[in-house]
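Q: As you go down the protein sequences, you meet chains Y and X in turn.
Note that our numbering has the first sequence beginning at 2, numbered continuously upward.
Note that our numbering has the second sequence beginning at 2, numbered continuously upward.
Backbone N, C-alpha and C fix where the C-beta goes; we use that ideal spot for every residue, glycine too.
Number of protein chains: 2
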Amino acid sequence: MNFSVSEENYIKGIYHLQQDAGSVNTNALAGHLQTRAASVTDMLKKLSAKKLLHYRRYKGFTLNERGTRAALAIVRRHRLWEYFLVEKLGFDWDKVHDIAEELEHVSGDELITRLGDFLGNPQTDPHGDPIPDRDGKLPVIPQMNLVMIPLNKQLTVSAVSDQSPAMLELMNHYGISIGTRIKINKHFAFDGSMEITVNRQHCIISGQVAKNIFVHYGK
Amino acid sequence: MNFSVSEENYIKGIYHLQQDAGSVNTNALAGHLQTRAASVTDMLKKLSAKKLLHYRRYKGFTLNERGTRAALAIVRRHRLWEYFLVEKLGFDWDKVHDIAEELEHVSGDELITRLGDFLGNPQTDPHGDPIPDRDGKLPVIPQMNLVMIPLNKQLTVSAVSDQSPAMLELMNHYGISIGTRIKINKHFAFDGSMEITVNRQHCIISGQVAKNIFVHYGK
DNA sequence: ATTAATTTTTAGGTTTGTCTAAATTTTATT
DNA sequence: AATAAAATTTAGACAAACCTAAAAATTAAT
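The following block contains the structure:
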């Protein structure tokens, strides 16, 4: 099945909101897509007619199996392009989202297969988010939140959950990105802040920042 | 200035038709873009209002300076993506046009600057067509038609002017693409066909094929 | 120089995706 | 349970880009 750019944006939006909240409602999706509730209702009818989601008037809606498959294909395209933009074109990881947003709608299975092969079929994008494989299967990347990790272990940053410009600016300042090796030296119970080692340098991060950083052991 | 996908397709279409014919008329553009004359008229009004072309009702039209600059930027994007698809993703050179047609509309100057740098700012795309530089300047690639070349010189194929699938299939069959080294062994006056050497193999090409192949001396 | 043929434009309509404003349904509050 | 608030949907419009069919202008042919 082939979708318009708008349809793809709605499908992807529903997918992401579902991740956080299970089911999605009209207003939330309108907010997420920067459009109006009425427009969402219109599109829901269309996607429902195409049998991509489970929709009952005034109740919420969720992607069905077909819808989820479509969403994962779009997410795959988006994340592969993000990886390309950072690893091959040298973009900063916090600048690639909008461009990938456009590139992801370029269709053609062969393009994405070849792009994946060219990039070495990476498992995660530059933000640490998992990239679905050709069959829409998400790799399971074992990861733990920074706040629950014992001291003095060598860790690798595997994801940053808040991807707002403000957060990404902070990460850049600390020199932390996906793949960066860090070690926790000390917890401060008072405010949840902690001292960590990054690139042999000591620094303090707030509890709020720590909550958004995910890591795994070893390389 | 920022253009819609449709506007860009019209601008590019006019540019290409101008190359062959000097000025462009409504029907020719409609044919080229696979649309109807009435649609062309509509869009011409829009592009004219945006001061991209010189247009007088019932007379033809041509891109003005602004329009040409816009066209060259689009052509640059298209040809850089084609180069990427062939050189990096390993597509056959006769399969990349449609995909590049989509990719060329992804905006963002920085993307194209970085893509150009990543590719080594090539001068020609996989079909041998020149790639405009950042300022819209077209590199001059000295080249001669195969039919006017003396015998027994080492030549390099620099362009193929007919890019129909039929022609490209033929080129693939002969093992000829941009950069292929060839030598002319014999002209046959009767039908303009000629015997050439490609990859140490002798073969015969028709006069019609020869007319569409361009070469330069040396590497 | 008329008439015929071709080309181009206008007029009016369709589709996709959006919007505002009003109506409806659901949820929350008293 | 009745009413207020919030969420959702419907109704009706609009812009972009396309279409068909008819009218107008240009070019070609007799």
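When the Cβ atoms of the segment 76–88 of chain X are set against those of the segment 63–81 of chain Y, are three or more pairs found closer than 8 Å?
A: no
Q: So if DSSP puts valine 238 (chain Y) in a beta bridge, which residue, or which two residues, is it bridged to?
A: The question about residue 238 (chain Y) has no answer, for chain Y in this structure spans 2 to 220.
Q: Could you work out which residues of chain X lie near isoleucine 100 (chain Y), taking near to mean beta carbons separated by less than 8 Å?
A: Residues of chain X passing the Cβ test: Val107, Gly109, Leu112.
Q: For a test of the three-state rule: what should DSSP assign to isoleucine 132 (chain X), helix, strand or coil?
A: Here isoleucine 132 (chain X) sits in coil by DSSP.
Q: Note down, in chain order, each residue of its chain lying with its Cβ closer than 7 Å to the Cβ of glycine 61 (chain X), except the 5 sequence neighbours on either side.
A: Ser24, Val25, Asn26
Q: Please tell me whether phenylalanine 119 (chain Y) has its Cβ less than 8 Å away from any Cβ of chain X.
A: yes
Q: Does the beta carbon of arginine 115 (chain Y) come closer than 8 Å to any beta carbon on chain X?
A: yes
Q: Rounded to whole angstroms, what's the CA-CA distance from valine 158 (chain X) to serine 40 (chain X)? Just pull it up for me.
A: Approximately 39 Å between the Cα atoms of the pair.
Q: For lysine 96 (chain Y), which residues from the same chain have a beta carbon less than 7 Å from its beta carbon, with the 5 sequence-adjacent residues on both sides left out?
A: none
Q: Using the Cβ count rule (16 or more neighbours within 10 Å means buried), how would you classify glutamine 20 (chain X)?
A: Exposed, since its Cβ has fewer than 16 Cβ neighbours within 10 Å.
Q: Mapping the DSSP letters down to three states, classify glutamine 202 (chain Y) as helix, strand or coil.
A: strand
Q: Any idea what DSSP makes of isoleucine 183 (chain Y), helix, strand or coil?
A: strand
Q: So if I threshold CB-CB distances at 9 Å, which residues from the segment 71–103 of chain X count as touching chain Y?
A: Leu86, Lys89, Leu90, Gly91, Phe92, Lys96, Asp99, Ile100, Glu103
Q: Using the C-alpha atoms, what's the distance from methionine 2 (chain X) back to threonine 63 (chain Y)?
A: 40 Å
Q: Taking leucine 104 (chain X) and valine 107 (chain Y) to be in contact with their CB atoms under 8 Å, please state how far apart those CB atoms are, rounded to whole angstroms.
A: Cβ atoms of leucine 104 (chain X) and valine 107 (chain Y) come within 8 Å of each other, at about 6 Å.
Q: Is valine 141 (chain Y) buried or exposed, if buried means 16 or more other CB atoms sit within 10 Å of its CB?
A: exposed
Q: Should aspartate 110 (chain X) go down as buried or exposed, given a rule of 16 or more other Cβ atoms within 10 Å for buried?
A: Aspartate 110 (chain X) should be labelled exposed.
Q: Quick check on DSSP: helix, strand or coil for phenylalanine 92 (chain X)?
A: Coil, per DSSP.
Q: Pick out whichever of Y:Asn146, Y:Arg57, Y:Gly117 has its Cα sitting closest to the Cα of glutamate 235 (chain Y).
A: Past the boundaries of the shown model lies residue 235 (chain Y); chain Y is included only from 2 to 220, so the question cannot be answered.
Q: Taking the C-alpha atoms as reference points, what is the distance between asparagine 173 (chain Y) and tryptophan 94 (chain Y)?
A: 9 Å
Q: Taking only three categories from DSSP, how would you classify histidine 106 (chain X)?
A: coil
Q: Sorry if obvious, but does the Cβ on tryptophan 94 (chain Y) come closer than 7 Å to a heavy atom of the ligand GDP?
A: With respect to the ligand GDP, the structure shown offers nothing to examine, as it has no ligands at all.
Q: Counting only the same chain and skipping the five closest in sequence on each side, list residues whose C-beta sits under 7 Å from that of asparagine 200 (chain Y).
A: Gly176
Q: Can you check DSSP and say which residues form a bridge with histidine 33 (chain X)?
A: Beta-bridge annotation (DSSP): histidine 33 (chain X) is not paired with any residue.
Q: Can you tell me whether isoleucine 177 (chain Y) is helix, strand or coil according to DSSP?
A: coil
Q: Could you pull out every unbroken beta strand (DSSP E) segment of at least 3 residues lying fully inside the segment 31–83 of chain Y, listed in chain order?
A: If we require 3 residues or more, the beta strand (DSSP E) runs fully inside the segment 31–83 of chain Y come out as 54–56, 62–64.
Q: Indicate whether proline 127 (chain X) and valine 87 (chain X) have their beta-carbon atoms separated by less than 8 Å.
A: yes
Q: Taking buried to mean at least 16 other C-beta atoms within 10 Å of its own C-beta, is tyrosine 16 (chain Y) buried or exposed?
A: buried
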